[in-house]
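Everything in the sequence shown is counted per this note's numbering, starting at 1 for the first residue and increasing by one. Heads up, the beta-carbon is just placed ideally off N, CA and C, and yes, glycines get one too. This structure is a prediction, so every number in the text was calculated from the model and none was measured.
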Amino acid sequence: MNIKKLFGSLVALAALAGCTAQQPASASLDELFLTRRSIRNYEPGRTISEAQVRELLTAAQNAPSWANQQPSKYYVAISPEKHDAVLEMIGGNKDRVVNAPVFIVSTFEKAKSGFFRGNPANDAGDFWGAYDNGLSNAYLVLKARDMGFDTLIMGMREADKLRELFQIPENEIILAVIALGYRAEEPNMPVHRPLDEVVKFF
Ligand SMILES: Cc1cc2nc3c(=O)[nH]c(=O)nc-3n(C[C@H](O)[C@H](O)[C@H](O)COP(=O)(O)O)c2cc1C
1 MNIKKLFGSL VALAALAGCT AQQPASASLD ELFLTRRSIR NYEPGRTISE
51 AQVRELLTAA QNAPSWANQQ PSKYYVAISP EKHDAVLEMI GGNKDRVVNA
101 PVFIVSTFEK AKSGFFRGNP ANDAGDFWGA YDNGLSNAYL VLKARDMGFD
151 TLIMGMREAD KLRELFQIPE NEIILAVIAL GYRAEEPNMP VHRPLDEVVK
201 FF
């Protein structure tokens with residue numbers, strides 16, 4: 001068995017056994033894919049600094065976007081006051097992320113990505129803004145794992161209340177709230193659909 005195959009087998013074993021919290025300083029992309037999981041229980045009493053969140057969001061800015069429009073915006077609840085306020089705006093997610101020290105609200109500016117001189121460039125319209133925000137958030141959660149953090153992307157949230165709390169302008173669509181913290185559980189690997197169910201080669 002060559003080294004590559006051996007590493008592949010070890011990675012597969014790790015996936016079966018659950019996904020470990022330990023993250024080496026420079027994890028490979030495959031390791032990040034495996035160990036990045038949605039975490040629904042966080043270690044209490046741990047903090048994350050503004051400088052660390054800045055590093056994370058700077059990495060997210062590397063994501064591609066339509067014509068480099070960069071429509072994604074982020075509102076970071078890092079103070080205890082804003083943290084506790086957000087906890088009341090995420091419905092049933094509250095108990096899952098109560099110990100995550102930071103929440104990041106992601107939005108995108110309307111009529112930017114997928115638009116040309118104010119008009120939609122094609123049928124997908126503002127879906128391109130959502131597309132770009134998702135790409136940016138994918139970078140964010142992988143970078144978080146690389147920095148030793150864990151995340152939960154939450155679509156269950158109360159957009160109107162978040163808009164008021166952070167004074168988010170009406171021209172931004174509020175998408176996910178992302179919890180950021182340190183895992184206090186070892187998650188299982190979710191079941192993925194068979195590749196041939198979702199891919200067709202021609
Ligand atoms: C757009 C989006 C919204 C989600 N909303 C929630 C949510 O509100 N609550 C939650 O517990 N998980 C939420 N999740 C996490 C998914 O359930 C999770 O990604 C999926 O089960 C796959 O597990 P994994 O992230 O560990 O690979 C969301 C994920 C995405 C991408």
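Requested in this report: Please classify K200: is it buried, with 16 or more other beta-carbons within 10 angstroms of its beta-carbon, or exposed?
Outcome: exposed
**Report entry** Beta-carbon contacts of M1 that lie in its chain and below 7 Å, excluding the five residues immediately before and after
**Finding:** Here the model assigns M1 a pLDDT of 41, short of 50, so the residue's position is not dependable, and the following value carries that caveat. Contacts found: none.
Query raised in the report: Taking the alpha carbon of L57 as the point to measure from, which residue in L142, N99, D84, K112 has its own alpha carbon closest?
Result: L142
Requested in this report: Could you tell me the distance, in whole angstroms, from the CA atom of I90 to the CA atom of R163?
Outcome: Computed Cα separation, rounded: 13 Å.
Requested in this report: Give the DSSP-derived three-state secondary structure of A111 in the structure shown.
Outcome: Assignment of A111 by DSSP, reduced to helix, strand and coil, places it in the coil class.
Requested in this report: Determine the direct distance from the alpha carbon of L135 to that of P64, and round the result to whole angstroms.
Outcome: A straight-line Cα-Cα distance of about 7 Å links P64 and L135.
Requested in this report: Name, in chain order, the residues that DSSP records as bridge partners for T151.
Outcome: S38, L180
**Report entry** Cβ neighbour criterion (16 or more within 10 Å) applied to F127
**Finding:** With fewer than 16 other CB atoms across the displayed protein chains lying within 10 angstroms of its CB, F127 is exposed.
Query raised in the report: What does a CB cutoff of less than 7 Å around G155 pick up in its chain, not counting 5 residues either side in sequence?
Result: Only A176 meet the Cβ criterion.
Requested in this report: Would you check whether ligand 1 has a heavy atom nearer than 6 Å to the C-beta of S38?
Outcome: yes
Report task. Could you check the C-alpha separation between A144 and L180 for me, to the nearest Å? Result -> 8 Å
Query raised in the report: Does the Cβ-Cβ distance between N41 and E185 come in under 7 Å?
Result: yes
Query raised in the report: Is there at least one non-hydrogen atom of ligand 1 closer than 6 Å to the beta-carbon of M147?
Result: no
Query raised in the report: Does the beta carbon of G155 fall short of 6 Å from some heavy atom of ligand 1?
Result: yes
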